[in-house]
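Visitor:
Next up, the structure:
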C-alpha cells in the first residue's frame, strides 16, 4: 500500500512538472510570436549614390516588421562621423557602409563591430570574389568586418579620335593587342605625342595608381611593416611614372578639377586609366563626346579602385535583423539590380553570366560591352594588404611625383625625401 501511494505521488509530481513546462513553453512561444510582430527600426549610414533606398523599400514590403532608415552624406563627412561615433561609444547606426580604403582605419576598433562570421557569413563566402572578401577580414581571417558591396575594377578608357589622328588602331580588341603591357604603353605614348602633340594620360596619379594596383604587395605587410624599401614594386611604379613625366607624355590636370573635366570633353589626352564607376564621371564631364570614348583592357592586368563593405557596429540592438537585411542587399540578385539601376559593379561573379550582363552594351562608349571588359578585369585583381597608414604613404608618393612634374625636381631626391617624411610620420603613430 505504501509503495502504491508513493507511486501515485510520484506520478502526480511528474504530471504537475510536465504541465508547468508545457505552460512555460506555450508562454515563450506566445512571447516570440508577439516579438516577431513588433517593429524593428534599423538606421543605415551610406555615402554617395547607391540606390539602396529603392531596394530597402522592396525589402520592407516583404518584411513588414522591419523599418529601415537610410542616411546618405558626403564621403569624408560620412567616414568622419562614423569614426567619431565609434570612438565615443554612442551615436553609431545599426548598419554602416565603409569604403575599401577606409576600412583600414577601423581595424584597431574591431571590438566596436560585430563579427559577421558569428551570423553565418561563411555560408555565403563563395558567392563573392575572393580578393574582395579577404579585404573585409581581419589579418588572421577570423573576423569579418563587413559584407562586400560593389567593386571598382580598372580598365583603359581611350579617345578613339586621338588614336586615329596618331595613325593607330581604334577598335577595342586591336587597341588591347597594341598595348598589352607597360612597355607598349610607353611606345604608344611616344607615337601619340609625336603625331598629335597630346599626352597619353591626364595626370601622374592615375598612371602611378594603375601600376601600384598590379603589384603583389604595396606599402605594408600584415605586421604593418613598411615595405617600399624592401620590395621593388612601388619604386618601379614610381620610376616608370617619372620616365613618362620626363618625356612629356603625361598631363598635369588635378583630379576632380574643372580643367580635368574639360579635358575629357575636348579630348586633350589619349587614355584614362580608371575604374568601372568612372563611366558616369566621363559621361557627366563629356556629354558631347559620345562615340569618341571607348574602353578596353588595362596594360599589364588590372587593379581595383573603390567599392565598399556593409558593417554592423556593436551599438546595434538588432544585429540579427541588420545582418539579414545586408545579406539580402548584397546577394547576387540585388547586386544585378544595383548595376542596372545605378551602375554599381557587382562583386558576385555569378552575375557576370546573367543575360542582362552578357548582352549589355553602352552606346556612349561606341557600343562596347563595358560590363564584360570590367568583369574580366575584376577577376585579374590581386589580393593586397593595404594597412592602416596606406593613405599617408600614398599622399607622400604623389607629392613627390607632382614635384618632379611641376617643379622639375630631382626624382631620386624626391623619393628619398618622401621616404623620410613617411618614416617620421609613422614614428609618431
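In mature numbering (1 follows the signal peptide of the UniProt record, and there is no 0), the protein residues as written are -20 to -1, 1 to 409.
Here a beta-carbon is modelled for each residue, glycine too, at the ideal position from N, C-alpha and C.
Here the structure is a predicted model, which is why all the values come from computation and not from measurement.
1. Within a Cβ cutoff of 7 Å, which residues of the same chain sit near residue 71, ignoring the five residues on either side of it in sequence?
2. Assuming contact is defined by CB atoms lying nearer than 8 Å, are residue 299 and residue 292 in contact in what I supplied?
3. Once you ignore the five residues that flank residue 33 on each side, which residues in its own chain have a CB closer than 6 Å to its CB?
4. Looking at C-alpha atoms only, which residue of 97, 399, 211 and 138 is the closest neighbour of residue 346?
5. Please state the DSSP three-state secondary structure of residue 200.
6. Under three-state DSSP, which class holds residue 258?
7. For the beta strand (DSSP E) containing residue 225, list its first residue and its last residue.
8. Excluding sequence positions up to five away, which residues of its chain have a Cβ less than 8 Å from the Cβ of residue 340?
9. I'd like to check one pair, residue 29 with residue 278: are the Cβ atoms closer than 8 Å?
10. Can you check which of these residues, 207, 395 and 25, is closest to residue 52 by C-alpha distance?
11. From the DSSP secondary-structure annotation, give me the bridge partner or partners of residue 127.
12. Taking the alpha helix (DSSP H) that residue 49 belongs to, which residues open and close that run?
13. State the start and end residues of the unbroken beta strand (DSSP E) segment that holds residue 175.
14. Tell me which residue opens and which closes the beta strand (DSSP E) that residue 23 is part of.
15. Going by CA-CA distance only, name the one from 213, 224 and 133 that's closest to residue 178.
16. Please state whether the Cβ-Cβ distance between residue 155 and residue 381 is less than 8 Å.
17. Look at residue 158 and residue 142 and say whether their C-beta atoms are less than 8 Å apart.
18. By the 10 Å Cβ neighbour count, where 16 or more other Cβ atoms means buried, how is residue 122 classified, buried or exposed?
19. I'd like to check one pair, residue 245 with residue 270: are the Cβ atoms closer than 8 Å?
20. Less than 8 Å between the C-beta atoms of residue 131 and residue 287, yes or no?
21. If you run the structure through DSSP and keep just helix, strand and coil, what is residue 181?
22. Helix, strand or coil for residue 295 per DSSP?
23. Give the DSSP-derived three-state secondary structure of residue 331 in the structure shown.
24. If you drop the 5 nearest sequence neighbours on each side, which residues of the same chain put their C-beta closer than 7 Å to that of residue 361?
25. To which residues of the same chain is residue 117 closer than 8 Å at the C-beta, ignoring the five residues directly before and after it?
26. Does DSSP classify residue 408 as helix, strand or coil?
27. Buried or exposed, going by whether 16 or more other CB atoms sit within 10 Å of the CB of residue 390?
28. My output table needs one value for residue 244: the three-state DSSP class, helix, strand or coil.
29. Three-state secondary structure (DSSP) at residue 267?
30. How is the beta strand (DSSP E) around residue 75 delimited, first residue to last?
31. So which of 91, 234 and 276 has the shortest CA-CA distance to residue 161?
32. State the Cα-Cα distance for the pair residue 171 and residue 147, rounded to the nearest angstrom.
33. If we count the other Cβ atoms within 10 Å of its Cβ and call it buried at 16 or more, is residue 68 buried or exposed?
34. In this structure, how does DSSP classify residue 72 when only helix, strand and coil are distinguished?
35. Give me the Cα-Cα distance between residue 145 and residue 237, rounded to the nearest whole angstrom.
36. Under a three-way DSSP split, which group does residue 342 fall into?
Guide: Looking at the coordinates:
1. 65
2. yes
3. 50
4. 138
5. strand
6. helix
7. Where residue 225 is concerned, there is no enclosing beta strand (DSSP E), although the alpha helix (DSSP H) it sits in stretches over 213 to 226.
8. 349, 350, 351 and 352
9. no
10. 25
11. 290
12. That residue, residue 49, is in no alpha helix (DSSP H); its beta strand (DSSP E) goes 46 to 53.
13. Run containing residue 175: none in the beta strand (DSSP E); it sits in the alpha helix (DSSP H), 162 to 176.
14. 20 to 27
15. 224
16. no
17. no
18. exposed
19. no
20. yes
21. strand
22. coil
23. helix
24. 111, 133, 282, 283 and 284
25. 123, 124 and 125
26. coil
27. exposed
28. helix
29. coil
30. 75 to 79
31. 276
32. 9 Å
33. exposed
34. coil
35. 27 Å
36. strand
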